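Some notes on the structure that comes next.
Residue numbers (my numbering): -9 to 130.
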């Protein structure tokens, strides 16, 4: 499976919210030995959250690049961002920074990524948005 297949359908969701979905580096021939279903579920969850967090008129982004023997997939939103306290709770079950959130998306994504030995780094600041970098080893 390719990363664009995981993001299929999210462009329309972004457009309905007035958000542009920018994708770069997803068409490169990079392969990694991992479970494509788990990776795909995690990427969809995180990208969907990025779209929901992004302000109307802004964009959500997903980039893929190679760093030595690692693949780095970066998801960026330009939403309200998170405070240090909120950031410390990222991925905690049933905690959400969204009024209507159930707190399952980030939690499940982190678990799915842990199952494929991917590392997750989250950076965020209030009024600046959030950047999530997913690092997967073993690129070929």
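Note that beta-carbon positions come from the ideal geometry of N, C-alpha and C, so glycine has one too.
Since this is a predicted model, take the numbers as computed values, not measurements.
Neighbourhood of residue i by C-beta distance below 6 angstroms, restricted to the same chain and skipping five residues each side
i           : result
residue 40  : 50, 65 and 67
residue 95  : 35 and 39
residue 121 : 66 and 113
residue 12  : 49 and 51
residue 119 : 67, 68, 69 and 71
residue 63  : 54 and 124
Contact under 7 angstroms by Cβ, residue i with residue j
i           : j           : result
residue 126 : residue 108 : yes
residue 106 : residue 55  : no
residue 73  : residue 116 : yes
residue 81  : residue 97  : yes
Buried versus exposed call for residue i [16 or more other C-beta atoms within 10 Å across all chains shown]
i           : result
residue 27  : exposed
residue 100 : buried
residue -9  : Since pLDDT at residue -9 reaches only 49, below the 50 mark, its modelled position is unreliable, and the value read off the structure follows with that caveat. Answer is exposed; the Cβ neighbour count stays below 16.
For residue j and residue i, believed in contact at Cβ under 8 angstroms, the rounded distance
i          : j           : result
residue 69 : residue 44  : 5 angstroms
residue 46 : residue -1  : Wrong, their Cβ atoms sit about 20 angstroms apart, outside the cutoff.
residue 33 : residue -3  : 7 angstroms
residue 31 : residue 102 : 5 angstroms
Cβ neighbours of residue i in the same chain (closer than 7 angstroms, five flanking residues each side left out)
i           : result
residue 128 : 22, 23 and 59
residue 110 : 100, 103, 122 and 124
residue 29  : 106
Contacting residues, own chain, Cβ-Cβ under 8 angstroms from residue i (five flanking each side not counted)
i           : result
residue 10  : 4, 48, 49 and 50
residue 57  : 125
residue 184 : Because the chain here runs from -9 to 130, residue 184 falls outside it and cannot be looked at.
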